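Report on the structure given below.
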Amino acid sequence: MEKEKVITAKDLTKRFGDFTAVDKITFDVTKGEIFGFIGANGAGKTTAMRMLCGLSLPTSGEATVAGFDVYKQNEQIKKNIGYMSQRFSLYEDLTIRENIRFYAGIYGLADELIKEKTALLLKQLHMEGQENTLVRAMPLGWRQKLAFSIAIVHDPAIVFLDEPTGGVDPITRREFWGLIYEASEKGITIFVTTHYMDEAEYCNRVSIMVDGRIDALDSPANLMTQYASASMDGVFLQLARKAVRTGD
Amino acid sequence: MKQFLIFVKKEWLHIWRDRRTLFILLFMPVIQIVLYGFALTNEVKNSKVAIFDQSKDEATTVISNEIAASRYFNLVKNVYSYKDIEATFRKGEIRMAIVFPAGFRYDLLHSNHAQIQLIADASDPNTANTLTNYASSIINDYQQTLHPTEDLPYTIKTQVRMLYNPELKGAYNFVPGVMALVLMLVCAMMTSIAIVKEKEMGTMEVILVSPLRPFRIIIAKTIPYLLVSMLNITSILLLSVYALDVPIVGNLWLLIAESILFTITSLSVGILISNSAKTQQTAMFTSMMSLFLPTLLFAGFMFPIENMPIPLQIISNIVPAKWYFIIVKDVMIKGLGFTAVWKETLILISMTAALLGISIYKFKIRLA
Amino acid sequence: MALNGISFAVEKGEIFGIIGPDGAGKTSLFRILTTLLLADSGSASVDGFNVVKDYKQIRNHVGYMPGRFSLYQDLSVQENLEFFATIFNTSIQENYDLVKEIYQQIEPFKTRKAGQLSGGMKQKLALCCALIHKPSVLFLDEPTTGVDAVSRKEFWEMLFRLKAQGITILVSTPYMDEASLCDRVALIQKGSLLSINTPTSIIREFKKPLWSVRADEMFKLMNELKNDPLIESCYPFGQVHHVVFKTQANSKEKLEHLTKQGNYNHVEVKPIEPGIEDCFMALMKE
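Here it is, written out as structure tokens:
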């Protein structure tokens, strides 16, 4: 059975002057899939992700996200995706409840629904009774989990996660991945970048970018067989060592 | 010493590579001076005046004609009563009125002193001041022509009445004022931002874990800004002399020495601010709030300190710009020597010593 | 509280790792040791000097690379290095041998502004600057955070070469896999030390047998194992789950029974050696 495609990219390219940041990448992501997007610093991950989020126009090629065209329908794209990054996600000087309210409000959720969602979300994260805590006062791991839950509060088709687990302790990191699996079971597509290679193994499929191109794309198990390596770390090192580019 | 020099060089590179800020630093004073100067000369050309001549004799006619012929004035009407003057002012038709009392020429020739009243709209004090100065000089010229060789046995006493702002300051106030303002801002704001920037970028952490001593860091940070400020002093002085015709009456070197002293005071204020600020934004804000406004308010070039309530007058004493402003006015405009300004100089020196002492003492040799 | 009653000693010439997540207190610890922060209580010395009394001597003798890129972004590579050499009363020439290998990799870009370098190159430059005065102790606060796997590997190779030159290195990292590269590690969590030892000894302290389990339905499997009363912990590790039982008797049979009962496909169960991450999580739970 052909699964519904949520992201399609065909020969997607981005050039800055004579520098080709993303060089004809082609791939599909299906509904509910956990898609790992791996690459060395400067391989073009961020640029590719920006194009898919509707933040940056491609130089050439085609791409659709949640069925919308990245050239013409970036406003619709933004309504149908969630985004979370390690660097910025929550307002530290607002409380948990205010953060939820704010983000849900941005996506135009009705007040009733926001209330319902807030209660559900707090229950899921075992944070009941703490809704008036300032985000600043929460441990990093909790903040990251909260940020993820907020990024999918409007039930987007896809959620983009940019190095979501950096610096988090190993248990929290696994709890975080628990949330990712849950979201994926609900049919939300997960598009995730990470520097932790064991996390790459949690993904259904992984694409590895080298010098702006996708050099490998398959399930972690197949990649490990193909590159005769016991871990994704080995696969990645083999591929990334070929890189010529060193720029960020 | 090498340590110190490389720090100065590094600091200079920061300034040099940030062209936009350097441009602002160097051109802010020029633009301010030109703006003030332009506004000033533009305002006094063809200013509308009215004459209330109660004497109508030969002397008043000559003076009236001189005034009407002057490029500074435009005689718009003759009025016939004080009430008329008031009304004309209120309608905004004139900026100054000249009142000759009855029997002007008679008084001039017989009682040796005649009076002319100049009534100016001093809601714009600089303009009012300039206008009355010009009018006074025309009247003086007339006196000279009456008795070119003699020692003026007859005197015309111009009686100036400033409406709306009786304590009006001198015409060249703004040059010393802008000097004080610009030096304070450039030095204090820029040094505080420069030091806080290192904290914010995390470089201070690395610098602290090095053999560099706080005293050297501070001094090295301020030297490039001292140089930039010297350029500013030069450009301000050149502009005021050649573009605005504000002469340097007193000793140029004394003026420069005092300016360097004030620059160092301002640099110390900047260092002090940087000690308590954590981000460049805070540094900028603190400088703005604690320097720009007080300097503007309390230096004495915008608002007369004598008219302020006593508490504010007392506060004005801790504003370094006030003392520098007095010094510049005395030296540059009035042409007085060091003997006239030694007290103010001493105050500035003690302020600087105190500020620098506190900043170095308080300089954090550790984080947080 | 950032740090709570920490005691440890680092031997001359070893690579000592401080391993723990963000917020564990790694940076505070480094700042206390590099004389940037004062401890509320307790004492510490570096290279024989007290961190409070003799802070000036320590500042002459240690190299410090903070977690955040802390060089002058508007100065070129060469200007940065020259600046740091000079403020430490030395010159690039004097200690060139020490940084040569690292510096050669960034030398082609020596006129480029530091702010325009890539992450990996910035990190190399920062290391050069921290090394240029030939410090006796090198403090590296999370040098590999946010750096890709290839650059991380290269960075560690550089550290081994520095160690060979007799420099003591204290390095902190949130990446558990880097622990095995250190001579000794301190595992730190919420300001307290969980354990200090060589990586192999830490692993040896993990007494309970560890099982690796995999099946096609990984998420379902994890939820079931986690909720099983017999099982102490079940964590995903890449393609497999690592499972520890509360009591060890017949654990293999129990595990096989559990997985078969749940109708999973392609079940694979085998005993495995624990890694540092397994140990860290076990210690965190205690």
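Protein chains in written order, with my numbering: chain Y, 1 to 248; chain V, 1001 to 1368; chain Z, 2001 to 2286. We treat Cβ as the ideally placed atom computed from N, Cα and C, and that holds for glycine. Note that this is a predicted model, so its numbers are computed, not measured.
Q) Buried or exposed: Ser2299 of chain Z, going by 16 or more other Cβ atoms within 10 Å of its Cβ? A) This structure gives no information on residue 2299 of chain Z, because the portion of chain Z shown stretches from 2001 to 2286.
**Q.** Closer than 8 Å at the beta carbon, the chain Y residues around Tyr2064 of chain Z
**A.** Sequence index remark: in the third sequence, residue 2064 of chain Z carries index 64 (1-based). Near Tyr2064 of chain Z there are no residues of chain Y at all, since even the closest Cβ is about 20 Å away, more than 8 Å.
(Q) Beta carbons nearer than 8 Å to chain Y: which residues of the region 2090-2117 of chain Z have them? (A) Within the region 2090-2117 of chain Z, the residues whose Cβ lies closer than 8 Å to some Cβ of chain Y are Leu2117, listed in chain order.
(Q) Just to make sure I have the definition right: I need the residues of chain Z whose C-beta is within less than 8 Å of the C-beta of Tyr202 of chain Y. Which are they? (A) The count along the first sequence starts at 1 and reaches residue 202 of chain Y at position 202. Those within 8 Å of Tyr202 of chain Y in chain Z are Pro2236, Gly2238.
(Q) Please confirm whether Phe1007 of chain V has its beta-carbon closer than 8 Å to some beta-carbon of chain Z. (A) Counting from one through the second sequence, the residue named residue 1007 of chain V turns up at place 7. For Phe1007 of chain V, the nearest beta carbon of chain Z is closer than 8 Å to its own beta carbon.
Q: Grab the span of the alpha helix (DSSP H) containing Val235 of chain Y for me, first residue to last.
A: Taking the first residue of the first sequence as position 1, residue 235 of chain Y is located at position 235. Under the DSSP assignment, Val235 of chain Y falls in the alpha helix (DSSP H) whose first and last residues are 232-240.
**Q.** Cutoff 8 Å: Leu1244 of chain V Cβ touching any chain Z Cβ
**A.** On the second sequence, position 244 is the one that residue 1244 of chain V refers to. Not closer than 8 Å to any Cβ of chain Z, the Cβ of Leu1244 of chain V fails to qualify, so no.
Q: Quick one: using the 10 Å Cβ neighbour count with 16 as the cut-off for buried, is Val244 of chain Y buried or exposed?
A: Working through the first sequence from its first residue, we reach residue 244 of chain Y at position 244. Under this definition Val244 of chain Y is an exposed residue.
Q: Check the C-beta distance from Thr13 of chain Y over to Ser60 of chain Y and give it rounded, since I have them as a contact under 8 Å.
A: In the first sequence, residue 13 of chain Y corresponds to position 13, counting from 1. In the first sequence, residue 60 of chain Y corresponds to position 60, counting from 1. With 8 Å as the limit, Thr13 of chain Y and Ser60 of chain Y qualify as a contact, their Cβ atoms being about 5 Å apart.
(Q) Between which residues of its own chain and Leu2258 of chain Z is the CB-CB distance below 6 Å, once the five residues before and five after are set aside? (A) As a working mapping, residue 2258 of chain Z is identified with position 258 in the third sequence. For Leu2258 of chain Z, where only same-chain residues beyond five positions count, there are no Cβ hits under 6 Å.
Q: For Ser2151 of chain Z, return the contacting residues in chain Y, with the cut-off set at a CB-CB distance below 8 Å.
A: By 1-based counting over the third sequence, the position of residue 2151 of chain Z is 151. Those within 8 Å of Ser2151 of chain Z in chain Y are Ala40, Asn41.
Q.
Out of Z:Leu2075, Z:Leu2255, Z:Tyr2096, Z:Ile2032, which one is the CA nearest neighbour of His2133 of chain Z?
A. Translated into positions along the third sequence, residue 2133 of chain Z becomes position 133. Taking the Cα of His2133 of chain Z as reference, the smallest distance to any Cα among Z:Leu2075, Z:Leu2255, Z:Tyr2096, Z:Ile2032 is reached at Z:Tyr2096.
Q) Using a beta-carbon distance cut-off of less than 8 Å, what residues from the region 1193-1210 of chain V approach chain Z? A) Result list: Met1201, Gly1202, Thr1203, Glu1205, Val1206, Ile1207, Leu1208, Val1209, Ser1210.
Q. If you drop the 5 nearest sequence neighbours on each side, which residues of the same chain put their C-beta closer than 8 Å to that of Glu1043 of chain V?
A. On the second sequence, residue 1043 of chain V is found 43 positions in, with the first residue counted as 1. Here the model assigns Glu1043 of chain V a pLDDT of 49, short of 50, so the residue's position is not dependable and the matter cannot be decided.
Q: Would you check if there are 3 or more beta carbon pairs closer than 8 Å linking the region 39-53 of chain Y to the region 216-232 of chain Y?
A: The region 39-53 of chain Y, when compared against the region 216-232 of chain Y, does not touch it at the 8 Å Cβ threshold.
Q | For Val2052 of chain Z, the nearest candidate out of Z:Pro2066, Z:Leu2037, Z:Val2062, Z:His2061 (CA to CA) | A | Along the third sequence, one-based indexing puts residue 2052 of chain Z at 52. Comparing Cα positions, the closest option is Z:Leu2037.
**Q.** Residues sharing a beta bridge with Ala1194 of chain V, DSSP
**A.** Here residue 1194 of chain V is taken as the residue at index 194 of the second sequence, counted from 1. DSSP, once it has assigned bridges, lists no residue as partnering Ala1194 of chain V.
Q: Could you check the C-alpha separation between Arg1366 of chain V and Gly1335 of chain V for me, to the nearest Å?
A: In the second sequence, counting from the first residue as 1, residue 1366 of chain V sits at position 366. In the second sequence, counting from the first residue as 1, residue 1335 of chain V sits at position 335. If you take the alpha carbons of Arg1366 of chain V and Gly1335 of chain V, they lie about 49 Å apart.
Q) Going along chain Z, which residues have a C-beta under 9 Å from Met49 of chain Y? A) Here residue 49 of chain Y refers to the residue found at position 49 of the first sequence. Neighbours of Met49 of chain Y on chain Z: none; closest Cβ ~15 Å, over 9 Å.
Q. Grouping DSSP H, G and I as helix and E and B as strand, with all else coil, what is Lys10 of chain Y?
A. The residue labelled residue 10 of chain Y in the question sits at position 10 within the first sequence. Strand.
Q: Determine the direct distance from the alpha carbon of Lys1199 of chain V to that of Leu125 of chain Y, and round the result to whole angstroms.
A: In the first sequence, the residue the question calls residue 125 of chain Y occupies position 125. In the second sequence, the residue the question calls residue 1199 of chain V occupies position 199. Rounded to whole angstroms, Leu125 of chain Y to Lys1199 of chain V spans 37 Å at the Cα level.
Q: Could you name the residues that DSSP lists as bridge partners for Thr189 of chain Y?
A: Position 189 of the first sequence, counting from 1, holds the residue named residue 189 of chain Y. DSSP output for Thr189 of chain Y lists Y:Ile158 as bridge partner(s).
**Q.** Residues that Arg2068 of chain Z contacts on chain V, provided the C-beta gap is smaller than 9 Å
**A.** Taking the third sequence and counting its residues from 1, one reaches residue 2068 of chain Z at position 68. Within 9 Å Cβ-Cβ: Met1201, Gly1202, Glu1205.
Q. Near Met224 of chain Y, what residues of its chain come up, given a Cβ to Cβ distance below 8 Å and the 5 sequence neighbours on each side ignored?
A. Your numbering for residue 224 of chain Y matches position 224 in the first sequence. Contacts found: Ala230, Ser231, Met232, Gly234, Val235.
Q: Name, going along the chain, the residues of the region 156-187 of chain Y whose beta-carbon falls closer than 9 Å to a beta-carbon of chain Z.
A: Against chain Z - using a Cβ distance shorter than 9 Å - the residues of the region 156-187 of chain Y are Glu163, Gly166, Gly167, Val168, Asp169, Pro170, Ile171, Thr172, Arg173, Arg174, Trp177, Gly178, Tyr181, Glu182, Ser184, Glu185.
Q) Distance, Cα to Cα, Met1349 of chain V vs Ile1260 of chain V? A) Locating residue 1349 of chain V in the second sequence gives position 349, where the first residue counts as 1. Locating residue 1260 of chain V in the second sequence gives position 260, where the first residue counts as 1. Per the sequence shown, the amino acid found at residue 1349 of chain V is Ile instead of Met. If you draw a straight line from the Cα of Ile1349 of chain V to the Cα of Ile1260 of chain V, it comes to about 11 Å.
Q: List the residues of chain V that Leu2140 of chain Z touches, going by C-beta distances under 7 Å, in chain order.
A: If you number the third sequence from 1, residue 2140 of chain Z lands on position 140. For the C-beta of Leu2140 of chain Z, not a single chain V residue is nearer than 7 Å; the gap to the nearest is close to 12 Å.
Q. According to DSSP, is Glu1058 of chain V helix, strand or coil?
A. Counted from its first residue, the second sequence places residue 1058 of chain V at position 58. Reduced to three states, the DSSP call for Glu1058 of chain V is helix.
**Q.** 8 Å Cβ cutoff, Phe2160 of chain Z in contact with chain Y
**A.** Taking the third sequence and counting its residues from 1, one reaches residue 2160 of chain Z at position 160. Chain Y contact via Cβ: absent.
(Q) Just to check my reading of the structure: Ala2179 of chain Z and Pro2209 of chain Z have Cβ atoms closer than 8 Å, yes? What is that Cβ distance to the nearest angstrom? (A) In the third sequence, residue 2179 of chain Z corresponds to position 179, counting from 1. In the third sequence, residue 2209 of chain Z corresponds to position 209, counting from 1. About 21 Å separates the beta carbons of Ala2179 of chain Z and Pro2209 of chain Z, which is beyond the 8 Å limit, so they are not a contact pair.
Q.
Using 8 Å for Cβ pairs, my map puts Ala2114 of chain Z next to Gln2073 of chain Z. What's the rounded Cβ distance?
A. As a first step, residue 2114 of chain Z must be located in the third sequence, where it is residue number 114. As a first step, residue 2073 of chain Z must be located in the third sequence, where it is residue number 73. Ala2114 of chain Z to Gln2073 of chain Z, Cβ: 5 Å. Contact.
Q) Where in the region 23-51 of chain Y do unbroken runs of the alpha helix (DSSP H), each at least 4 residues long, occur, reported from the N-terminal end onward? A) If we require 4 residues or more, the region 23-51 of chain Y turns out to have no alpha helix (DSSP H) run fully inside it.
Q) What three-state label does DSSP hand Phe19 of chain Y in the structure shown? A) To locate residue 19 of chain Y, count along the first sequence from 1; it is residue 19. In this structure, Phe19 of chain Y counts as strand in the three-state DSSP scheme.
Q: Determine the direct distance from the alpha carbon of Ser1274 of chain V to that of Leu1291 of chain V, and round the result to whole angstroms.
A: For the purposes of this step, residue 1291 of chain V is taken as residue 291 along the second sequence, with counting starting at 1. For the purposes of this step, residue 1274 of chain V is taken as residue 274 along the second sequence, with counting starting at 1. Each residue's Cα considered, the two are about 13 Å apart.
(Q) For Ile2092 of chain Z, which residues in the same chain have their Cβ closer than 7 Å to its Cβ, ignoring the five residues on either side in sequence? (A) One-based indexing of the third sequence puts residue 2092 of chain Z at position 92. If we look at Ile2092 of chain Z and ignore the five residues flanking it on each side, its Cβ neighbours are Leu2081, Glu2082, Ala2085, Ile2132.
Q.
Taking the alpha helix (DSSP H) that Gln2116 of chain Z belongs to, which residues open and close that run?
A. Taking the third sequence and counting its residues from 1, one reaches residue 2116 of chain Z at position 116. No alpha helix (DSSP H) contains Gln2116 of chain Z, which DSSP labels as neither H nor E.
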